[in-house]
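Everything below concerns the one structure shown next.
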Amino acid sequence: MTERVGIVAVAQTKYSPNRADANEGELVYEAVRQVLQETGLKFAQDGSGIDATVTCSQDFWDGRTISSCNVMSYVGHHHSDEDKVAEDSLNAVYTAFARILSGHQDVILVATHCKESQGDKRGIENAAMDPIFLRVLGLDFLSAAALQARRYMYKYGITPEQCARVVVKNRGNAKRNPLAQEPMEITVEDVLGSQVLASPIRQLDSKPTSDGACAMILAREGKAKKLARKPIWILGASNCYETNYLGDRDLAECDALVTAAKKAYKMAGIKDVMNQVNVAEISEEYSYQELLWMEGLGFCQRGEAGRLLDSGVTQMGGQLPVNPSGGMLAGNPTVVAGMARAAEAVLQLRGEAGEHQAEGAKKALVHGFTGACGQLQGVMILGN
Amino acid sequence: MGNRVAIVGIGQTYHKSARKDVNQQEMVGEAVRAALADAQMKAKDVEAVFTSNMETFEGLFLPDHLMADEIAAYMKPGLKVATGGTSGASVVEEGFHFVASGLFDTALVIGFEKQDTGDTTAAITAAVTPVWGKGVATGAIGEFAKQALTYMERSGAKEEHAAMVRLKADKGACRNPYAHLKLGLKSIKEVLDSGYLVWPLRLLDFCPQSCGACALILASESRAKKITKKPVWIADVVTVHQEPFRAGSFGDPTGTEEYSQDIAAERLYKRNGITNPMKDICMAEIYEPSNWEEMSHYEHYHFCEKGEGWKLVEKGITEMEGAFPVNPSGGVIATNPIGGTPTIRVAEAALQVRGDAGEHQVTRDVHTAVATALGGPNWTVMTLLRRSL
Amino acid sequence: MTTEKTAEKKPEYLKVEIARPRSYKWSSGKYLGKLYKEALEKKKLVTNRCPKCKQLMWPPMAVCGRCNVATGEDWVEMSDTGTVVQYTYLVFPLWDPHYGDRLANPYPTATIKLDNGVFLVHFLEEKDPEKLKKVKRVQAVWKEEGRGRGLADILCFRTIEE
Chain A
3 MTERVGIVAV AQTKYSPNRA DANEGELVYE AVRQVLQETG LKFAQDGSGI
53 DATVTCSQDF WDGRTISSCN VMSYVGHHHS DEDKVAEDSL NAVYTAFARI
103 LSGHQDVILV ATHCKESQGD KRGIENAAMD PIFLRVLGLD FLSAAALQAR
153 RYMYKYGITP EQCARVVVKN RGNAKRNPLA QEPMEITVED VLGSQVLASP
203 IRQLDSKPTS DGACAMILAR EGKAKKLARK PIWILGASNC YETNYLGDRD
253 LAECDALVTA AKKAYKMAGI KDVMNQVNVA EISEEYSYQE LLWMEGLGFC
303 QRGEAGRLLD SGVTQMGGQL PVNPSGGMLA GNPTVVAGMA RAAEAVLQLR
353 GEAGEHQAEG AKKALVHGFT GACGQLQGVM ILGN
Chain B
767 MGNRVAIVGI GQTYHKSARK DVNQQEMVGE AVRAALADAQ MKAKDVEAVF
817 TSNMETFEGL FLPDHLMADE IAAYMKPGLK VATGGTSGAS VVEEGFHFVA
867 SGLFDTALVI GFEKQDTGDT TAAITAAVTP VWGKGVATGA IGEFAKQALT
917 YMERSGAKEE HAAMVRLKAD KGACRNPYAH LKLGLKSIKE VLDSGYLVWP
967 LRLLDFCPQS CGACALILAS ESRAKKITKK PVWIADVVTV HQEPFRAGSF
1017 GDPTGTEEYS QDIAAERLYK RNGITNPMKD ICMAEIYEPS NWEEMSHYEH
1067 YHFCEKGEGW KLVEKGITEM EGAFPVNPSG GVIATNPIGG TPTIRVAEAA
1117 LQVRGDAGEH QVTRDVHTAV ATALGGPNWT VMTLLRRSL
Chain C
260 MTTEKTAEKK PEYLKVEIAR PRSYKWSSGK YLGKLYKEAL EKKKLVTNRC
310 PKCKQLMWPP MAVCGRCNVA TGEDWVEMSD TGTVVQYTYL VFPLWDPHYG
360 DRLANPYPTA TIKLDNGVFL VHFLEEKDPE KLKKVKRVQA VWKEEGRGRG
410 LADILCFRTI EE
C-alpha cells in the first residue's frame, strides 16, 4: 500500500448554545487559526504548505446558497483549491483522505461549521422529506428518530431506562471535557421526567441546540511525520447510504452502518472490534442512537446494547469507553458532529484528552451520520 | 501516484425549461440509466456515487438522500458536494480523486438541477453574504451586464461579436439532441434586433434556467480498459478559487486583479506540458453564462492574447469547423441546469474525444479537450481530457 | 420561442403549493457589526484595513482572505462621496427574497468608487438613461428613519455638481 494518511492537527471551538457574537467565518477561524499555529503551515501552491481545503457546511443551515462563501476567506481559498461537502463532516475528512491517497494532493485543511442557533431546525429538516408525500405530515428528523426509537425498542426490548443511562453517561463524561457545551450531573429519573418531545424521545434524550466549528489538517505520511510529533493515521474509512423512504426500511436495523463498518474494519485489519479498538466516539443525536449504532458497529449482538451499556464496558475506565467527550448529547451541532468525534479520537490517541483521557488508547473508532434515521452512515478507524 | 482514471460512460437528460412529468429522482434516474447503458454496465457495478446539486434552488434539503435508490447509491458509499456554479465540476474532481485513490474502481458522478421547482434568482441572490448583502443584491444578471461593459471598453469588441457568439451557440444547440434552447437563429441581425434585458445584455445573450441531469461513470485504468474500447482519460483537474474582486462580482473593471481563470489555465498547462493551448488542445467546452463572457474567457484561458478574444470569433476560429472549436454543444447559453452544467461541459468534451458527438462533432480530430466551470465569486475548475495518456 | 416538441394532448397537472417560510437569525459578527452600528447611529461608513497588504477590507472582516492574516482593529471612516465606475440598468422587477421589498423598476445599479478607496455596489438616484451616461460624482442619500440594515441604510447615490 502507498503511504498512509495522517491527521497532524485538530481544533474545536468550545461548543455553545448561541454564538451570536461571531459570524460563521469568525467561528471557523477560531478553530482554523489553532491548527495553522500548531503546524506553522501556510497556504501555498508549490507543495510547501497546505495544498487544498475541504469545507463542510449545509446551505440550508447557513441560510445561504454556497455556504462555503461564509468561510472562504478564513480557510485559505484564495487562488487555491477548495471544495464543499454537504453531509456530516466526517465525510469531509473522508474526502481529504481520498485526495491524499490519490497522490494528487499532500496536505489538506478540513474545516466545518454549523450554527444551529441561527436556523429553524424543524423547517430545515422537514425540507429533507419527500415533497409530495411526507413534507405535509410535518415530519422532521426528530419525529423520524422517534419512529426509529419506538421500533427499535419494540423489536429488541430496549427500555427507556437504558436510553436514559446513555444520557447520564455522556452528560457526565462531558464534565471532564473543557470544550463540552452542557455537562450535567443527572439521573435516569431526571431524563425520564423531562418533557416528551416526540414519544418516546424526551427533552433530555435529545441533544441541545449548539453552535460550533472544527478544523483539522491531514497530510501524506512523509510530510505528516515532519509536521506532527505524533501523527494519527487513518487506518480505515467508509460510508454507506440506506434507502430513503422510512417505510421501506426496518427502522430497528441499520444496514448502512453495518456495511460501512465492515468496509472500514476490513481496511484497518479490525476483526474483533471489542478487543482491537480502545475508544469510540459515536454520533448520538438522540439517546437510543448510541445503543442502536453500537449494535450496527458490531460491539454486541442485536438487542444487546442496553445490556452492554449496563455492564460498564462502555463507561470511562471500561474496556471500550464510548464518547468520553460527552458526544453529541452534551452539545454538538449537526454537520460538525462527525469531525468533532474524529478530533476527540485524535486527542485520545495522542494522549492529550486530559481529564477525559481513556487509558491506553491505541486505536479509535469514529462514527458520524447524516439524514433521517442515519440514512448516510460513516465510520473511520484511527490509530497511533 | 494513484490510479489513472477514465470516463467510461456518459449520460444526459434532454434538458428542458420544465420537467413537470417527472420528480427530481426520476429525472436524475434518466441520466444515470443513460450513463449505465452507454457503459454497458449495471447499477451494481458502480462502487460509489457522488452528486452535485444546489439544493436551495429546489428547496429540497439532502437531495442525494431522497434519490439514493434512483442514483444506484443504495448500500453504497458516496456523498454530495455543493460549491455553486462550479459544483458539477467539483463532483467530477472528487470522483477523480476517489477512484485515483484506489478506494473504488468505479464511481458514478452526477450533476443536476430541476429549476422549475424553485425561484432561481432568489436562490442566487441568497448566495450573497447573509447580513450585509441583502437589499442591494441584483442577482447574477446585473453583474454579468457590468462585465460585458468592461469587456467592450477594454477590448474594442462590438455588439456584433457578441451576436456572432450567440449564433454559433445556437447552431451547435440545434445539432445537439440534449440541448435546451434551440432557437433556430438565422442571422446576426436577428440577434441584434432582439431587446435588451440589462444593457448591453439582450434577452438572447443570457443563459436559461434548465431542468436536467448529467451522469458520468469513472473507472480506474484496469477496469476502464475492460469496460470500453474508448475510455476518455481525465488527465488533470485544477480548481482555483478567489476572493471576490474588489470592484465587481464576476469581473474586475479596474484591470488590476488576477482572474482565477488565468491562474487555473497556467497551472493546468504547466502541469501537463501544454505550451500552445490552441495547438496542444483540440477543442474546449467552457462555462460561459453569456456570449460576452465567452470572448473574455478565450483570453483568460490563454487561447489568445488579452483583448483579442473577439477576433477569434470574427475569424470563425471557434466555430465547429474552425481551428479551435469552442462549445459545439451550444454551451451554457443553450443549456443550464446549474448543479449539472459543469458536468455537461465535461460530458460534451468527452463525447468529442470519443468522436461520439454526432451532428455536433467538430471537424478537427480531438485527442485532447478542456472543460471549464465557473461559479461563486469567479471561481474556476478546469478539467483536461485525453484520448490517451 | 423555443422549439420543444409538444405532446398531442397536454396532460393536466395537479398543483400542490407548500408555502413554509424558514426564518434565520444571522449574526453579523464583530466586524460587520461595527459597520452596521456606525451606519445606524452616525450615518457613517467604516471599514478596517489589512495590516499586511494595507488594503481596505470590504466588507470589514476579521481575516484578510488574500493575505490569510487576522486583520485586527485598524478602522477607517470612509467618505460617502465617490465616482461612478460602472453602471447598469435593470428593467425587470426584482423582489428582495429576504426582506420582501420590491425593488423599484426600472432602476440603475452602479459600482461606485468611494473617495477613500473601496468599491461599493449600490443604486443610483438618476433614472433617465441619457442623463445616466453623464453621471460621474455621487453622494450617498441616507435614510433618515428605519436604519439598521447596513448598506441598505443608504437609499441610493445622488448625482452631485462638482
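Going line by line, the protein sequences match chains A, B and C.
Quick note: the first sequence uses this note's numbering, first residue 3, plus one each step.
Quick note: the second sequence uses this note's numbering, first residue 767, plus one each step.
Quick note: the third sequence uses this note's numbering, first residue 260, plus one each step.
Note that beta-carbon positions come from the ideal geometry of N, C-alpha and C, so glycine has one too.
Keep in mind that this is a model prediction, so the values were computed, not measured.
Asked                                                                                                                          : Found
Cutoff 8 Å: B/Arg839 Cβ touching any chain A Cβ                                                                                : In the sequence on display, residue 839 of chain B carries Ala and not Arg. Answer yes: the Cβ-Cβ gap between B/Ala839 and chain A drops below 8 Å somewhere.
For B/Gly851, the nearest candidate out of B/Ser1154, B/Gly1106 and B/Val1132 (CA to CA)                                       : B/Gly1106
Cutoff 8 Å: C/Gly405 Cβ touching any chain B Cβ                                                                                : no
DSSP beta-bridge partners of A/Ala221                                                                                          : A/Gly8 and A/Val109
Length-filtered (3 minimum) beta strand (DSSP E) runs lying within the stretch 30-108 of chain A                               : 54-58 and 83-87
Residue-chain proximity (A/Phe45, chain C), Cβ-Cβ < 8 Å                                                                        : yes
A/Asn241 (DSSP reduced to helix, strand or coil)                                                                               : strand
Same chain, Cβ closer than 6 Å to B/Arg1130, five either side skipped, listed in chain order                                   : Cys1048
Beta-carbon contacts of A/Ala215 that lie in its chain and below 6 Å, excluding the five residues immediately before and after : Thr15, Leu29, Val30, Ala33 and His115
Cβ contact (3+ pairs, closer than 8 Å) linking the stretch 149-157 of chain A and the stretch 121-133 of chain A               : no
Cβ separation of A/Gln291 and A/Lys365, assumed to be a contact under 8 Å, to the nearest whole Å                              : At roughly 22 Å, the Cβ-Cβ gap does not stay under 8 Å, so A/Gln291 and A/Lys365 are not in contact.
Reduced DSSP category for A/Ala254 - H, G, I as helix; E, B as strand; rest coil                                               : coil
Spatial distance of B/Gly1141 from A/Phe135 (CA atoms)                                                                         : 34 Å
For A/Leu111 and A/Ala263, the rounded distance between their alpha carbons                                                    : 25 Å
Where B/Glu860 meets chain A, residues with beta-carbon distance less than 7 Å                                                 : Asp85 and Thr97
Assigned secondary structure, B/Gly854 (DSSP; H/G/I helix, E/B strand, else coil)                                              : helix
Cutoff 8 Å: A/Ser119 Cβ touching any chain C Cβ                                                                                : yes
Per-residue contacts from A/Arg152 into chain C (C-beta, under 7 Å)                                                            : Within chain C, no residue comes near A/Arg152; the closest Cβ sits about 26 Å away, beyond 7 Å.
Rounded distance between the beta-carbons of B/Gln1027 and B/Thr1134, thought under 8 Å                                        : With a Cβ gap of about 18 Å, B/Thr1134 and B/Gln1027 do not count as contacting.
Continuous alpha helix (DSSP H) assignments of at least 4 residues falling wholly in the stretch 823-855 of chain B            : 829-832
Spatially closest choice to A/Gly298 from A/Glu89, A/Gly224, A/Val260 and A/Ala239, by CA coordinates                          : A/Val260
Whole-angstrom distance between A/Asp64 and A/Lys117, CA atom to CA atom                                                       : 7 Å
DSSP-derived helix/strand/coil call for C/Arg279                                                                               : coil
CB contact check: A/Tyr17 to chain C, cutoff 8 Å                                                                               : no
Cross-chain neighbours of C/Val344 in chain B, by beta carbon under 7 Å                                                        : Ala1013 and Pro1019
Cβ neighbours of C/Lys395 in the same chain (closer than 7 Å, five flanking residues each side left out)                       : Thr342 and Val343
Assumed close pair A/Ala266, A/Met382 - CB separation to whole angstroms, cut-off 8 Å                                          : 6 Å
Buried/exposed call for A/Glu287, threshold 16 Cβ in 10 Å                                                                      : buried
Cα-Cα separation between A/Pro210 and C/Asn307, rounded to whole angstroms                                                     : 36 Å
Counterpart residues of C/Val328 in DSSP-defined beta bridges                                                                  : C/Cys323
Beta-carbon proximity list for B/Leu967, same chain, < 8 Å, skipping 5 on both sides                                           : Ile907, Phe910, Ala911, Ala914, Ser1056 and Trp1058
The stretch 79-87 of chain A touching the stretch 307-327 of chain C, judged by at least three CB pairs closer than 8 Å        : yes
Identified DSSP bridge partners for C/Arg396                                                                                   : C/Thr342
Local conformation of B/His946 per DSSP, three classes                                                                         : coil
Cβ pair count under 8 Å reaching 3, the stretch 325-341 of chain A against the stretch 80-97 of chain A                        : yes
Contact with chain B by C/Thr347, beta-carbon distance below 8 Å                                                               : yes
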